[in-house]
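Using mature numbering (1 follows the signal peptide of the UniProt record, and there is no 0), the letters of the sequence shown map in sequence onto residues -22 to -1, 1 to 376.
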Amino acid sequence: MKYTNLIIIALLLIAQIQFTQQSDIVQCLDKDGSPVDWWVMLKMPKSYNSGKQYYYFDVDSSDLTSYDDIGSANSPLFRTLAQIEDYGSDNNFSVLWNDQPDGINVSSTYAHSKGIIGGNSADNGFIINHSTPKFPKLNTSSKKIILEMSSDQQIYAQHYFCMSMDFGVLNKYSANMQINRPYVYHSHIPDSFTKQLNELVKLSENKQKVEDYTTSTLKTLDGQNIVQFAKSGKFNSDLYFDIVAPSYGKSFYFETWGRSLMSATCGTDIDVVSNLAIKFSDTVSYSYTNDHSKYGISVTGYTVCFGDINRMTSQFKRGGGTNCFAQQKLHNILLKAFVEQQGCEKFVLKNGVSDQDLLNNQNSNTVYNEGQKKSQGLQGRFNSILNNIKSFFQDIQE
């Protein structure tokens, strides 16, 4: 009996140590406050519960789950951010960037990028890539991140993608972000973190690496491969057609803001087009004109991407990136939800047989005869130039 009691006490002590260690780790949290490797949140536009409704998916999900209030303290977004809410503390760090921060006009020489990096002394942290302007706001008097979403941030659909990572990966991600050169409007990195996170420090100082673009494969805490794409403004071309799609050798659909959208960019082997309408259910559907998110999927395979850049020619001159990974269930859900896309013009061969339609016959295709063949890549570029001219003098919200 005596030994049994000792064993029970020992097991309880081990459990307590494990719980304490787990509770000290800052990473992505679900609505119950439990740690997860990564999660995705898709906020709906204002026509759905005043813009508070959202869908949630994480590493353990089999389908999207709908919730009513993204602004709730129990939403995964604010559960996660609450871990770094107090930036007067030396026990955590936080870096926030946004091309439209609250009360600041940011030059277009900075990246079109929005995100959050946070962590603590447990050598772990998280990255949240998102699409919401003026988010999150700060209470400078109390030195706290404001854990709420204002009414103007609820108008359009938005995305949030959280990744749990250790310090080494956070630092590498931060180094790549220096190619983008995002506008950092808040940084809190106590001295105890600066040696391990030297690249995050450089990012917080708005330092820039002189490279056109980079592609890196990084790992989350549980080993999920994330391919980080980052481009500078001087690359002056399309992130998706010129970097992402060729890296995979696949065509892509992208759901992004567009005032106005680029035309479909059509190549001989790969196409990149904008999704125009989303339908998550019989009661939840909307147009891209109500969506400020920036995410996409491969037409074949199971690649999903969440990032910074809109499919607009005005974005060629902006830095920015995207984060891609293979996730079959989430990919198939989004593929089903993407119900309308731009079309690519396909020519017919001499015998009248057309190219394989990579867009799965969902789009209207104009067919050219042999004497009307055109280089699809040049046609896409020509359309992009026309759009660029149209948008050159526009003061557009991006």
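Heads up, the beta-carbon is just placed ideally off N, CA and C, and yes, glycines get one too.
The beta strand (DSSP E) enclosing I145, as first and last residue numbers: Sequence check: residue 145 is Phe here, not Ile. Unbroken run through F145 is the alpha helix (DSSP H), 145 to 158; no beta strand (DSSP E).
Distance, P224 Cα to I248 Cα: Approximately 8 Å between the Cα atoms of the pair.
Simplified DSSP assignment, three categories, for A60: Look at A60 here: in three-state DSSP terms it is helix.
Limits of the unbroken alpha helix (DSSP H) element including F171: Judged by DSSP secondary structure, F171 falls within the alpha helix (DSSP H) whose first and last residues are 169 to 172.
Cβ-Cβ separation, Y26 to Y45 (assumed contact under 8 Å), whole Å: Y45 to Y26, Cβ: 11 Å. No contact.
Cβ separation of L313 and I275, assumed to be a contact under 8 Å, to the nearest whole Å: With a Cβ gap of about 6 Å, L313 and I275 count as contacting.
Inter-stretch contact at 8 Å, needing at least 3 Cβ pairs: the stretch 64 to 77 / the stretch 259 to 269: The stretch 259 to 269 and the stretch 64 to 77 do not touch, with fewer than three beta-carbon pairs separated by less than 8 Å.
CB contact check: L175 to chain C, cutoff 9 Å: Absent from the structure: chain C. Only one protein chain is present.
Boundaries of the alpha helix (DSSP H) in which V179 is found, first to last residue: Residue range 176 to 182 is occupied by the alpha helix (DSSP H) that includes V179.
Within 9 Å, strictly: CB atoms of K9 and K21: It is not a contact, given that the beta carbons lie outside the stated cut-off.
Beta strand (DSSP E) segment containing L20, residue limits: Looking at the DSSP string, the run of the beta strand (DSSP E) that includes L20 is 16 to 21.
7 Å Cβ shell around S215 - same chain, five flanking residues per side excluded: Counting only Cβ-Cβ distances below 7 Å, and skipping sequence neighbours, we find F294.
Three-state secondary structure (DSSP) of G29: Reduced to three states, the DSSP call for G29 is helix.
DSSP bridge partner residues for I94 (one or two, in chain order): Beta bridge pairing from DSSP links I94 with L74, I106.
Segment contact flag, the stretch 86 to 106 with the stretch 37 to 52, C-beta cutoff 8 Å, min 3 pairs: No, the stretch 86 to 106 is not in contact with the stretch 37 to 52.
Cβ shell of T198 (< 8 Å), same chain only, five flanking positions each side left out: Counting only Cβ-Cβ distances below 8 Å, and skipping sequence neighbours, we find D15, W16, M141, S142, M143, V147, I204.
C-beta contact flag for S152 and V73 at 9 Å: Yes.
Residues bridged to Y191 [DSSP beta-bridge criterion]: Its beta-bridge partners are K209.
Assigned secondary structure, V222 (DSSP; H/G/I helix, E/B strand, else coil): Residue state, collapsed to three classes: helix.
Through-space distance from S120 to K307, alpha-carbon basis: Annotation: K307 to S120 spans about 42 Å, alpha carbon to alpha carbon.
Separation of F232 from H309, as counted between CA atoms: Put simply, the backbone Cα of H309 is about 12 Å away from that of F232.
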